[in-house]
Amino acid sequence: MLNSHLPGLNWIHKLFCLLITLTFYSSVTFGYTDFKRIGVDDGLPNATIYSVAQDQHGYIWLTSTNSGLLRYDGYNFSEFPLLTASEMQHLGHQDVGVLLIDRENNIWAGTWGYGLSRIDALTGQLSRYVVDKNSDQGIAGMQVQALFQDRAGYLWIGTTGGLNRLSPDGKMSRIGAANSAQPLKHQRIWSLQQTADGTVWIGTAEGLHCWHEQTGLCPVALPYPNAATGSRDNEIRALTTSQNTLWIGTRLGLFSLDATTGNITPVPVAESMTTPIINHLLFDSDGNLLLGTYNGLFRYNPQQRKFLKFRKQDSLLPTVNVRSMFIDRTGVLWLGSRENGLFYARHSASAFSSLTSLLPGEPAGDLGFTVTAVFSEGDVLWLGSAEYLYRIDRKLETMQRYQTSGRVNTIRRDPQGQVFAATDVGLFRYDPPSDALQRIDQPFTLAKARNDNVRDLVINEQGQFWLGLWGEGVLYWDPATQQSQLLLREMIQQKVGDAVQALYQQGDFLWVGTRYSGLFQLTISSGAIRHLSADQASGLVLPSQDVQCVEKGPADSILICTEQGLVVYQPQTLTQQLWDGRSGLLTHNIVGAHTDADSNVWLLSAKGLTLKPAGSSRFITFTRQDGLVATELVFKAIFNDQSGSIYIGTIAGLAIVEPELLWVNELPPTVAVPEILINHQPLPMLAHSNEWPSIVLKPTDSSVEFKFASLDYHDVSRNQFLYRLRGFDSDWILQSDKRAAYYSNLPAGDYVLEVKGSNNHGLFSDKTVEIQLQVLPSWWQYRTVQVLVGIVTLLLILAGHQYRLRHVRQINRLLQNSVQERSKAQLILETKVAERTSALEESSLTLSLRSKQLEKSLQEVAKANRELKRLDKLKDEFISVVSHELRTPLTSIRGAVGLIAQRVVEPGSDPYQLLIQTAVNNCERLSSIINDLLDVQKFEAGKFVLQLKPVDLVDLVQQAISASNAYAHKYQVSVTLQADLATPLTVNVDALRIRQVVDNLLSNAIKFSHQGGAVLVELCGDELQVKVAITDQGVGIPESFHTRVFDKFSQADASDSRTQEGTGLGLTICKKIIESHQGQIGFVSQEQQGSCFWVTLPRLQSLT
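Here the UniProt record's numbering is used: the first residue of the sequence shown is 1, the next is one more, and so on.
Given below as structure tokens:
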């Protein structure tokens, strides 16, 4: 009603709506703003690309300086010659400036200085067109700068020396020669085009001409009629058409020409723009005119009559001299540059944006933090990071930050609208009045939890909290009743580092995913816990016990993320399905999942965002190449605000996805096998052929390798391949990270290689490439050769057999004659042999008896010799020891008596008594040595007699210890007895001799102990025997001396400079005495750690 009274307002309203629409249109972000560059380091032979085209198979063709004509399959560049072999020898490498693939798929390449080359589509034959005044096929100049095929099939050839036209039947004609009736303004041709009315437009170095079949050339049209003579202002560098409108690119900007009127109109640029020098013009699929210039790529919208910005930039790649542009059949925009390589990007509206789109006023560097958790409600967006919680008001375009000092793992809202953040350092609640975070400790305090690291959080409709903790299980908390309880604590603590890192509530069930223990199911009403991943009855088999997420799936299923794939589990039917790399995913490790309202499944991984559309088995992965702010996504950081946007946390900020704007590559790719290597040597390629003839491997060829190419260039790293060698492989083989099939030592036979390829979004080709492969057998493997060899072998065997039979018969006749003759001589010989044998037997018997006697005599002599050596050694040892042991006390006695005799000391004085005592002690020592020698003699002579009587061994040992106290005091060694003194240990022994043994062992232990050491004497016994063990902590006995301890005159240190005195007879006498008592003596010793000598004697009861 208001508009009917104010008609002018209706017009204003429409204008306002139009402006809003145009503003929105111009702000759409296009995916090709993120170009990928291919340079010399990527295999590009030369960094200058003058022209880009695509053939019918899908290969990209490029022209370049020095490298000539290049074919690109997305992975490798192959060079094809445009000069003949003789020309290559004289001229070297060729520079190629312009490229055209005509309607018959012939390749035309214009070189700079070497004329025009043509590669036939059917035969691959090279044809050359050069300046030749004597031929009607000659062209106007050797520098070819423009090529164009009109609607009638004529090929127009623009050179620096003029213009030619080649008819479909091969007739060459000259257009606008300087000496013709209708000359061109300038003979250098820059560009050629044709409008819808059939007019051919010719851009020269000094203006624009049109040409009609009936009238020929029209007068020149100049964008700048008043340009100075010799200037390049009217240089028509680029042409393109839209119906009957011709767009003209010059050194001074862009012009449009209406073919019906012939009027040239300049296209104004914005004040902020610098007028570009235009190299190439191209319309994109949205009707925008793309300008390749000295200053990068510009975009002009003819409907709006304005240049469009790329986000906030006037041009893309502003430092790159863009010399050519091409949009291939899949929508990829290619840019060839001068000395900057080849660029390409997807030309489509982007469904991805980042935080900069929500907060245009914030510095981009402040928005690139790793987003660990996401939650959205109304105009407020909550984000978590490693140390902060962020609150973003999308309406006001503001952001506030709250410190948590720990990683934010989950953000949730309770039924009252309060926002909670679960972090590595506890649970926080946002308080709107104070605009601050409040720490919530009640659940941990009530449940007496030792760890408040919350890995996940679920708040149900009743306001009950379920917290997944690190090392503590699941914490239940009801704020209304202040009830709190820890569940699964014992199970989680069985494995160090285990944690509950994923929770999902479905009705009365709480699904619990753990780090090391798999998946649990908690029944909320009863508190029952079921370990699903360990229960065979559940039908659930996890590929890994590391459960990284548990989420709702399509059709009431449960999505379980693991590091080895995603499991889609159906609790109702107890069935599951595994999605992993073998299913088409780029990685096994899935860190997050989400199912939207349309049952589409979104998966998070370090390889990007993967979409599985509802009802499809295809996986579509989006990466940074598609517009994501980063390819590596963060653990469980995904949120769908149900209003058309999905928020995803990445390592470089927040990614915002508009699913309705997602471009999915639905064009099946063309698959090719661009290279085949036999024995690692490549086979020659044909420029146009996408089919190989039958490959034949000779017996000397040990290997064959097929290299694949999926000719979809959006992101070749995501292209996948399925192949099999029919006749060898039993099933298809999926290749995600390689593009080759290698076979070695194939058996002889016929095979067929089948190859399928996918595009960057996992859509495989409709057609299967097949290559016939024949492996020839070795000469000996042919059936005819084998049959002939068998026949020849059989004949040889028969011939050999016949020869052998004849030979055997002849030998038999000779043997028969020989046997008869020898039988006579045999009788005579046998008689003589018998006689001589008898004589030899007698002689042999006699010789054998004498040999045995001699051998026995030699053994006795050797034994006697060894005994003599032993006795001689014992003699030397005896003399050495006795002389040392006798000389020492005699020297002491002589010295003491000499001093007394000379009256050096006063009789009765202490020194005098000391000398007397010294002489007495040494006399006793001499007596002891002589007694030892006499004892040894008695033992050897068999005259040793024992006086046996019952003796309490405890008393005897105590007496020995008491007698050794002075000796022990001398060496500062303590002696300890360990025995049951109340229980007598009675033995039937010669008390004097046993005492001699104990004294000897005890003195040795004291003598060889270190100063301050201890000697332990142990007594024990049972019904059969009594044992005495004496242990010291002294120097011990070397292991090499253990076998000679009980030998006569044996000492570990037998040198004259030894520190301990002794004859080496004590242990020998001890052993003889103990063995005479039917006992045993032994020891255990380790050098520098002490010794233990032990003696066992029969107890008196055992002798009755």
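All residues carry an ideal CB built from backbone N, CA and C; glycine is no exception.
Computed from a predicted model, the values in this text were never measured in an experiment.
Note that the C-beta distance between residue 35 and residue 317 is below 8 Å. Rounded to the nearest whole angstrom, the C-alpha separation of residue 311 and residue 343 is 19 Å. Between residue 231 and residue 140, the alpha-carbon positions lie close to 24 Å from each other. Note on residue 334: 16 or more other CB atoms within 10 angstroms of its CB, so buried under the neighbour-count rule. When secondary structure is reduced to three states using DSSP, residue 139 falls in the coil class, being assigned neither helix nor strand. Just measuring C-alpha positions, the residue of 833, 695, 841 sitting nearest residue 773 is 695. In this chain, residue 443 is not harboured by any beta strand (DSSP E); it is covered by the alpha helix (DSSP H) spanning 442 to 447. Within the region 460 to 527, the complete beta strand (DSSP E) runs of at least 3 residues fall at 465 to 469, 473 to 478, 483 to 487, 500 to 506, 509 to 514, 519 to 523. Inclusion of residue 638 and residue 357 in the CB contact set at 8 Å is not warranted, their separation being larger than that value. In the three-state DSSP reduction, residue 600 falls in the coil class, being neither helix nor strand. Cβ-Cβ separation between residue 653 and residue 369: approximately 7 Å, consistent with a contact (criterion under 8 Å).
DSSP places residue 1020 in the strand class (E or B) of the three-state scheme. The C-alpha of residue 727 lies about 41 Å from the C-alpha of residue 538. Scanning its chain for C-beta atoms nearer than 7 Å, with the 5 sequence neighbours on each side dropped, one finds around residue 65 the residues 46, 48, 95, in chain order. Under the three-state reduction of DSSP, residue 279 is assigned to strand. Here residue 602 is buried, its C-beta having at least 16 other C-beta atoms within 10 Å. Note that the region 69 to 84 does not touch the region 130 to 149; fewer than 3 beta-carbon pairs, one per stretch, sit closer than 8 Å.
For residue 955, no beta strand (DSSP E) encloses it; the enclosing alpha helix (DSSP H) starts and ends at 953 to 963. In this chain, the alpha helix (DSSP H) harbouring residue 88 covers 85 to 91. Contact annotation: residue 633 and residue 650 have beta-carbon atoms nearer than 8 Å. Residue 500 is a Cβ neighbour of residue 468, given a cutoff of 8 Å. Residue environment for residue 472: buried (at least 16 other C-beta atoms within 10 angstroms of its C-beta).
Taking all protein chains in view, the Cβ of residue 90 is surrounded by fewer than 16 other Cβ atoms within 10 Å, so the residue is classified as exposed. Rounded to the nearest whole angstrom, the C-alpha separation of residue 1075 and residue 1044 is 17 Å. Straight-line spacing of the CA atoms in residue 489 and residue 434 works out to 36 Å. The region 756 to 768 makes no contact with the region 787 to 806, as fewer than three CB pairs between them are under 8 Å.
Sixteen is the threshold: since fewer than 16 other Cβ atoms of the shown chains lie within 10 Å of the Cβ of residue 833, the residue is exposed. Scanning 201, 152, 239 for the CA closest to the CA of residue 163 turns up 201. The Cβ-Cβ distance between residue 899 and residue 915 falls below 8 Å. Secondary structure of residue 612 (DSSP, three-state): strand. A residue is called buried when at least 16 other Cβ atoms come within 10 angstroms of its Cβ; residue 1097 meets this threshold and is buried. Counting of Cβ neighbours within 10 angstroms places residue 430 among the buried residues, the total reaching 16 or more. The beta carbon of residue 897 sits closer than 7 Å to the beta carbons of 919 from its chain, once the five residues preceding and following it are set aside; these are given in chain order. Shortest Cα-Cα distance from residue 371 to any of 362, 1006, 383 involves 383. For residue 109, the CB contacts under 7 Å within the same chain, skipping 5 residues up- and downstream, are 63, 69, 82, 96, 99, 117 in chain order. The C-beta distance from residue 1012 to residue 1090 rounds to 14 Å, too long to meet the 8 Å contact threshold.
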